Amino acid sequence: MLTPSLGLLSALLARIPLILKTLVQHGVHMSPGSGRQDLRTELTVAVIRSFMTFSNTISKTQQNSMRDPGIKGPMWVSKVVLPRPEIDVRNAVLHAIDELKTGDESFDIPGIESVEAEWTGYRNGVDKNAPNPDISETEKYHELRKECSSDTTILYFHGGAYFLMDPCTHRVAVARLSRQTGSPVLSVRYRLAPQNPFPAALVDALTAYLSLIHPPQDALHDPVPANKIVIAGDSAGGNLSLALLQTLLTLQRSSRSISFHGKDVPIELPAGVATISPWCDITSSMPSVVGNAKFDYLVLPALERDEAAAAQPFAPFPFPPDAVWPVDPPRSDFYVNAKTVLHPLASPLAASPDLWKNAPPVFITTGEECLSEEGLITARRLHEAGVSIVAEQFEGMPHCHGFLMINTPMGKKFFQSLSDFCRDAGAGNVKSSGLLNYIGFKSQSSREIPLAKVSDVSDEEVGVRMRRSAEWRLDGEKEMLRRAGARL
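Residues -21 to -1, 1 to 467 (mature numbering (1 follows the signal peptide of the UniProt record, and there is no 0)) are what the sequence shown spells out, left to right.
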């Protein structure tokens, strides 16, 4: 544990000039977030943004992002493996992709594998340094369940742009969610890109969902009714949550059952879906990607950022090459082929309102961040489809702010509304007003905005913007393929 601590200290020392600059600019009200962010938020954004570099290879970047901090303090974690199901689970995902395709989408057909996961819960009565008890995973699970008061289970998908992070990086936040809801949380270690591109993660997500409802032999948990499951996730995990919901809706419309561990099981919908700063548009085509960049630490390739970009082929992030990236044949995105970025199971923003009909309640929370507009427009479309939608936006807050600043006033407000939704969904008691709750950062005062007016970008313009950005990416991918062919 000593080396990572020294490394972090060294990294922070190297950023003292940046920290001092931010302090001065904030003090004289000349900072990028002036008037909408407090000092702590501006420092958090500036420091995290400074770490967004491309000096390491993808493999090294992945390893760094997945470093296990260990298990200690007020949390229970029981590690499990969900056994590999029949190939029909994968085939069901392929069926949903085919049902929703609009053109000549292309993708790698994944294998079907067992899925690792962590049951996570709150451990009461211990301090933050309490060691992990030396007992079996089964015993940990039963201790976890003793402290859970709710009959609702949360199925959680972590964020990380589909190529970073892990359930271990989200334990503190997930344990907090368990504490405030009283629910056990199954946090899923889905397969990551670029090694496992779309739709491998979606296959793993469906495997985990069905495993909750229909426990495989020797599973630790009893069957969980679908209407007692809340699917949740942040960022790419929010994308995966919505993609899983859209998959279930599509399979249900086609009256398809799935062979799962020797039984034909029907498609049932969850109690609700809760998304945190969801990544709904892989094309990064909405105005907030550029307009809100000053409040955020995310770095996203956007056609709108530079007018000259339209004349240049799209290029992926400039990570040094290694064994896993670039792939062969090359593609422009870690997660998905350029031909497929407009598919609703890759970019939920591409799903028209009619595809969301009959969905259970959905919660969308976002900051004033790069991804905010795509999330809010998705909320608008869900509302148009008649779905019960609970939506909120925090003024001046960056991507996934509630996880980064848990104990700040805004972080506490974030966890309260997220937990309220999960409890209400499990009880079948979600109340939808058709309004966005916009929360100001200074006094946490809020105002309500009709979901129909959360963005000036019309549904028609959304399609135009997404297609233009998708074409830019496709042209870039074609150029990469041409150059790769020239090298052979």
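Even for Gly, the Cβ is constructed at its ideal location relative to N, Cα and C. Quantities reported herein were computed from a predicted structural model and do not represent experimental measurements.
Could you check what DSSP says for residue i in three-state terms: helix, strand or coil?
i, result
"R426", "strand"
"V315", "coil"
"W55", "strand"
"E126", "coil"
"residue 485", "Nothing in the structure corresponds to residue 485, since the chain is present only between -21 and 467."
"L276", "A small fix is needed here, since residue 276 is Tyr in this sequence, not Leu. Note: Y276 maps to coil in three-state DSSP."
"F373", "strand"
"A325", "coil"
"Y135", "strand"
"D260", "coil"
"W98", "strand"
"Y188", "helix"
"L460", "helix"
"N416", "strand"
"R444", "helix"
"V7", "coil"
"P110", "strand"
"F293", "coil"
"L248", "coil"
"V161", "Reading the sequence as shown, one finds Gly at residue 161 and not Val. It is coil, neither helix nor strand."
"L467", "Bear in mind that a pLDDT of 37 at L467, under 50, signals an unreliable position, so the model cannot answer this."
"G407", "coil"
Tell me, please, whether the CB atom of residue i is closer than 8 Å to any CB atom in chain C?
i, result
"E363", "The structure shown has no chain C; it contains just one protein chain."
Of the choices the options, whose alpha-carbon is the least far from that of residue i?
i, options, result
"P112", "I50, E65 and R63", "I50"
"G375", "R462, E427, Y276 and D312", "Y276"
"C259", "L79, V315, G217 and N43", "G217"
"Y135", "L219, N175 and P110", "L219"
"D213", "G6, N43, G413 and C379", "C379"
"S38", "V369, L143 and R444", "L143"
"P297", "V278, E347 and R158", "V278"
"D183", "T160, Y141 and R158", "Y141"
"F313", "V68, V409 and A180", "A180"
"E126", "G104, G139, H137 and R69", "G104"
"S398", "T81, V60 and G161", "G161"
"E283", "V252, E247, E371 and C349", "C349"
"A154", "P295, P110 and R102", "R102"
"H74", "S128, P178 and W98", "P178"
Our contact map puts residue i next to residue j with C-beta atoms below 8 Å; I'd like the distance itself, whole angstroms only.
i, j, result
"I210", "L223", "6 Å"
"G100", "V164", "7 Å"
"F274", "G442", "At roughly 27 Å, the Cβ-Cβ gap does not stay under 8 Å, so F274 and G442 are not in contact."
"R63", "S93", "4 Å"
"A338", "L228", "6 Å"
"S238", "D67", "4 Å"
"M54", "R150", "6 Å"
"H322", "I76", "7 Å"
"V56", "E95", "Not confirmed; about 12 Å, so no contact."
Could you compute how far the alpha carbon of residue i sits from the alpha carbon of residue j?
i, j, result
"I356", "L430", "8 Å"
"L361", "E353", "12 Å"
"K421", "F393", "15 Å"
"A250", "Q231", "15 Å"
"P332", "S256", "20 Å"
"G90", "V7", "56 Å"
"S(-12)", "I(-6)", "10 Å"
"E458", "D197", "50 Å"
"K410", "I192", "26 Å"
"Q16", "S10", "9 Å"
"G455", "P292", "4 Å"
"Q159", "F86", "39 Å"
"S233", "P245", "11 Å"
"L328", "Y120", "37 Å"
"S425", "I418", "4 Å"
"H137", "V167", "7 Å"
"V341", "N206", "14 Å"
"L467", "T36", "Because the pLDDT of L467 is 37, which lies under 50, any placement of that residue in the model is unreliable, and the number read from its coordinates should be weighed accordingly. Rounded to the nearest angstrom, the two C-alpha atoms are 23 Å apart."
"Y169", "S44", "15 Å"
"D301", "I27", "25 Å"
"Q41", "D243", "37 Å"
According to the neighbour-count rule (16 or more other Cβ atoms, all chains shown, within 10 Å of its Cβ), is residue i buried or exposed?
i, result
"L171", "buried"
"A152", "buried"
"L156", "buried"
"T148", "buried"
"D403", "buried"
"T117", "exposed"
"S236", "exposed"
"M265", "buried"
"K432", "exposed"
"N175", "buried"
"L79", "buried"
"D435", "exposed"
"D145", "buried"
"N408", "exposed"
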